[in-house]
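Report on the following structure.
Residue numbers (our numbering), protein chains in the order written: chain E, -16 to 288; chain D, -16 to 288.
As structure tokens, then:
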């Protein structure tokens, strides 16, 4: 059974102090699929683009064993476009443009053969659409869901309905505080898990991530990078690596979930090391495993007997 | 050979949303000494207070095997006072009062028997005074130094002179960025180590700490606390636990240094769990070791073979 990925597909124009790129392949479903493609395949992909979507990007996705049967191409439509400029301090970003285009009326239709999906990763899109995806699935075993402050603020009711139905919610630290209305992150996590998701992951950017599973907390370090080229897609790459690894291993126990968080963090680190999706284009699984081991070195300590 | 601690001693008035306390025992030397006293002793203590300094605090320090021969009591003088109010979000603090009093003209004098100190922890005070301490020591083997943004901004020249002479610099993440004038923390660390200290620790509050030693980076998690009663003294407790553990074990290799960072983090977590110094008053070493093991559980991951 394949991993189902649903989310946005877009053409990104990104400026950083180091480089710029126009109409690059972007979107949450894109980054999730590419990251997860190093762990499992084929990836069942659902999204929407316009007729202007370059064929070279279709090829790129297909070359990563991503099954595009669920990609709607709207005749005469224009693909979702997003433009942003990162400051020298890459934590600061100005959004220059958000053109929804065909994404405005996106209604995710899950092809028959995708409906039996056991593992699902819902990329960051309107929670109403994420709910519509779940309604079309037969009996998913494991649903991972990403969201953002925009939906916490604007579609809280729908989001609360959604997170009751997912197994894992992935958000960042400021979103966790916003959702729980509580400054203490550990208390926020407890409150959010009471709203539904049995497993919660709080991403903290350069500070790593926290996993809350059963009665355990796991603190994952961030990979120490002296140079971040482009933070775009880091969170999606995390979600893709996390879900992809779990799909590969089919083990949902807490110990394996911790490893999945490290693989997610590894994919995020590959993503931000290069511009746009370049860091996820030509990886080898051996390099991913090497990075996993580097994460272990980074956080391992033992007292002498 | 004992551990030498030099820093401030004060009477703190602290308001948090949960409690308040007037004229509590405070100051960097106080927190460092108390935290390190669980690892080694006697602690050789150097500081200054006024005649108003309560005798009960003298007793409290002495009961922790802290040798106060280096504590100057200025006749007719008033002890350093500091008052602050923490907000509901404990990361936000308003300083209500800073009365230097006898601290204004503090000239640290290291008693003869303290001058052979091999391990030294310089608490956060004016770098000019920290330099004066070092000038009185015979041949210290291992000097740990804390500082803050106030000195980075106001006494940069003296601070740069100082950090050439220390083995370990401990600062927080915003101070590291300020000192290096660089937003990327990993690059900042590299730049700061080029200024002198062979070992650098960057504290990140609720996000843990980073240790840079030899060619290794170690990422320590923060202890997950649902309730922080009073953040005052957390950084000093970290420095005390770190230096105390190294003094106890006399092993300055990178692997033991990682354990020392965890013991420092453990002492900081005990500190903030209770108001003022209460969390450091009646600990047992067994509880400290238990917490060390909890840190291991928090960060340990392993892939199945």
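All C-beta atoms, glycine included, are put in the ideal place defined by N, C-alpha and C.
Put simply, of 204(D), 17(D) and -1(D) the residue whose alpha carbon is nearest the alpha carbon of residue 263(D) is 17(D). Comparing alpha carbon positions, the residue from -13(D), -4(D), -12(D) and -11(D) closest to residue 260(D) is -4(D).
Only those residues of the region 166 to 185 of chain D whose C-beta falls short of 9 Å from the nearest C-beta of chain E are listed: 166, 167, 168, 169, 170, 172 and 173. Of all residues in the region 62 to 74 of chain D, only 71, 72, 73 and 74 come within less than 8 Å of chain E when Cβ atoms are compared, listed by chain position.
Contact between residue -16(D) and residue 147(D) does not hold, since the beta-carbon distance rounds to 24 Å and is not under 8 Å. For the options 175(E), 89(E), 231(E) and 46(E), the alpha carbon positioned closest to that of residue 151(E) is the one of 175(E).
DSSP places residue 88(E) outside any alpha helix (DSSP H), giving it a letter other than H or E.
If you draw a straight line from the Cα of residue 75(D) to the Cα of residue 84(E), it is about 42 Å long.
Close to residue 202(D), with beta-carbon spacing below 8 Å, are these residues of chain E in chain order: 191, 204, 205, 207, 281 and 282.
Listed in chain order, the non-local C-beta contacts of residue 241(E) below 6 Å within the same chain comprise 201, local neighbours out to five positions each way being set aside. At a beta-carbon threshold of 7 Å, the residues of chain D lying near residue 187(E) are 190, ordered along the chain. For residue 186(E), the pairing in a beta bridge is given by DSSP as 155(E) and 192(E). Between residue 135(E) and chain D, the shortest Cβ-Cβ separation is not below 8 Å.
A contact is defined here as three or more CB-CB pairs under 8 Å, and the region 178 to 193 of chain E meets this definition with respect to the region 212 to 231 of chain E.
The beta carbon of residue 286(D) sits closer than 8 Å to some beta carbon of chain E. Taking 7 Å as the upper bound on Cβ-Cβ separation, chain E lies near no residue of the region 249 to 278 of chain D.
With respect to chain E, the C-beta atom of residue 153(D) has no partner C-beta closer than 8 Å. Interface annotation, residue 245(E): in contact with chain D, CB-CB separation under 8 Å.
In this structure, the beta-carbon distance from residue -14(E) to residue 27(E) falls below 8 Å. For residue 78(D), the enclosing beta strand (DSSP E) stretches over residues 76 to 82. The shortest CA-to-CA distance from residue 61(E) to any of 140(E), 111(E), 34(E) and 145(E) is the one to 34(E).
With contacts defined by Cβ atoms closer than 8 Å, residue 166(E) and residue 134(E) do not form a contacting pair. Around the beta carbon of residue 206(E), 16 or more other beta carbons sit within 10 angstroms, so the residue counts as buried. Inter-residue distance for residue 64(D) and residue 248(E) is about 45 Å (C-alpha atoms, whole angstroms). Residues of chain D whose Cβ lies closer than 9 Å to the Cβ of residue 241(E) are, in chain order, 283, 284 and 285. By the neighbour-count criterion, in which 16 or more other beta carbons inside 10 Å mark a residue as buried, residue 250(E) falls on the buried side. Under the three-state reduction of DSSP, residue 64(D) is assigned to strand. Counting only runs of 3+ residues, no beta strand (DSSP E) is found wholly inside the region 230 to 286 of chain D. Taking 8 Å as the cut-off, the beta carbon of residue 4(D) is found no closer than this to the beta carbon of residue 212(D).
For residue 8(D), the enclosing beta strand (DSSP E) starts and ends at 3 to 9. For residue 113(E), the uninterrupted alpha helix (DSSP H) segment begins and ends at 110 to 118. Of all residues in the region 210 to 221 of chain E, only 210 and 211 come within less than 9 Å of chain D when Cβ atoms are compared, listed by chain position. Distance from the CA atom of residue 237(D) to the CA atom of residue 137(E), rounded to whole angstroms, is 49 Å. Residue pairing for residue 203(D): DSSP places it in a beta bridge opposite 192(D). Taken atom to atom, the span from the alpha-carbon of residue 15(D) to that of residue 42(D) is near 17 Å.
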